[in-house]
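One structure is given below, encoded as structure tokens.
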Amino acid sequence: MTLIEKIEQTTSYIQEILREKPKVGLILGSGLGVLADEINSPQIIPYNEIPHFPISTIEGHAGELVCGELKGKQVLAMKGRFHYYEGYSMEEVSFPVRVMKALGINTVIVTNAAGGVNTEFDPGDLMIIEDHINFAFSNPLIGKNYNELGERFTDMSNAYDKGLIRIAEEVAKLIRMKVRKGTYTFFTGPMYETPAEIRLVKFIGGDAVGMSTVPEVMVAVHSGMKVLGISCISNMAAGILNQPLSHDEVIETTQMVKTQFISYIKQILLKI
Ligand code: HPA
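Each residue of the sequence shown is one higher than the one before, starting from 1462 at the first, in the working numbering.
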């Protein structure tokens, strides 16, 4: 079966269930799925019931689509995402974004937990993603290009929409919330980076590191969607502080900032 056929099947499965057409896609990272609980009159579709959707396996990711109204916008939220380190292909990891586009979504807000490389950052900070570096050296656009999905050669010079970045900055000012801006660097994981890798990232201008987001953003840009990326700095990256890294710390920090994260994204939704 071709990618196009899979997208069509999955899209019609979801369309038959949904009462309303979603306008904004939300991809919720580790510990950030709580935002989906804010959605009004939600329709919930578990990933394991959706044709061609892989099943998310990692702790802190529920694995369901939650669709409904949030701050006056019809949203489709992914509570839990797929990671390359789980063994899925780049195409599988980014497949839900293809489906979002086919459902009529043109704006996607991508969130994640990330390690802070910029030493001015603190755990618990939220960072607007301005740009990214792909340290996985693979991507979901390799292979046959379907012109109906997007162009062969994708311009990544404005991958993170400038207008959405401006709105996100304005909203932060409005609610008197400190927000950071920076470059997200994608490693495949699942191991955390070495201190030497983090020194390299710092040297080349990365501000945060993480194991997600970039494949989804590449597909979103390929399909002509506007992207806003928000990282929750859950820990300082390897070698910065003299302490071990753990997934528990990541979840603990996202728990700590969840109220702030929820109100921030809700305010952004009001303005887009
Ligand atoms: N490195 C990579 N991914 C992460 C980190 C990190 O330090 N923290 C949360 N996700």
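Every residue, glycine too, gets a C-beta built ideally from N, C-alpha and C.
- Contact between the region 1584-1596 and the region 1499-1515 is not established, with fewer than three Cβ pairs separated by less than 8 Å.
- Per DSSP, residue 1537 is not a residue of any alpha helix (DSSP H); the beta strand (DSSP E) it occupies stretches across 1534-1540.
- Scanning the region 1541-1609 for uninterrupted beta strand (DSSP E) segments of 3 residues or longer gives 1568-1577, 1587-1595, listed from N- to C-terminal end.
- Counting the other CB atoms within 10 Å of its CB gives residue 1465 a total below 16, which places it among the exposed residues.
- Exclusion of residue 1514 from the 7 Å shell around the ligand HPA follows from its C-beta lying no nearer than that to any non-hydrogen atom of the ligand.
- Distance check between residue 1675 and each of 1583, 1573, 1728, 1468 places 1573 closest, using alpha-carbon atoms only.
- The region 1609-1680 contains, as complete beta strand (DSSP E) runs of 3+ residues, the segments 1640-1647, 1669-1671 (chain order).
- Straight across, the Cα-Cα distance linking residue 1581 with residue 1660 is about 15 Å.
- Rounded to whole angstroms, residue 1680 and residue 1648 show a C-alpha spacing of 17 Å.
- Here residue 1504 is bridged, per DSSP, to 1528.
- Comparing C-alpha distances from residue 1505 to each of 1527, 1599, 1555, 1494 shows the shortest one belongs to 1527.
- The straight-line gap separating the alpha-carbon atoms of residue 1569 and residue 1689 is approximately 6 Å.
- If you compare the alpha carbons of 1652, 1682, 1716 with that of residue 1561, the shortest gap goes to 1682.
- By a beta-carbon distance limit of 8 Å, residue 1529 does not contact residue 1494. Their separation comes to about 15 Å.
- Not one heavy atom of the ligand HPA falls within 7 Å of the beta-carbon of residue 1713.
- The region 1615-1632 makes contact with the region 1716-1731: 3 or more CB pairs, one atom from each, lie closer than 8 Å.
- Inclusion of residue 1546 and residue 1462 in the CB contact set at 8 Å is not warranted, their separation being larger than that value.
- At least one heavy atom of the ligand HPA falls within 7 Å of the beta-carbon of residue 1576.
- DSSP, reduced to helix, strand and coil, places residue 1464 within a helical segment of the structure shown.
- Annotation: the continuous alpha helix (DSSP H) that includes residue 1730 extends over 1708-1732.
- Within a 10 Å sphere around the beta-carbon of residue 1652 sit fewer than 16 other beta-carbons, which makes this residue exposed.
- Counting C-beta atoms within 10 angstroms of its own C-beta, residue 1605 has fewer than 16 neighbours from the protein chains shown and is therefore classed as exposed.
- Around the C-beta of residue 1655, fewer than 16 other C-beta atoms lie within 10 Å, and the residue is accordingly described as exposed.
- Here residue 1669 really is in contact with residue 1578; their C-beta atoms are around 6 Å apart, less than 8 Å.
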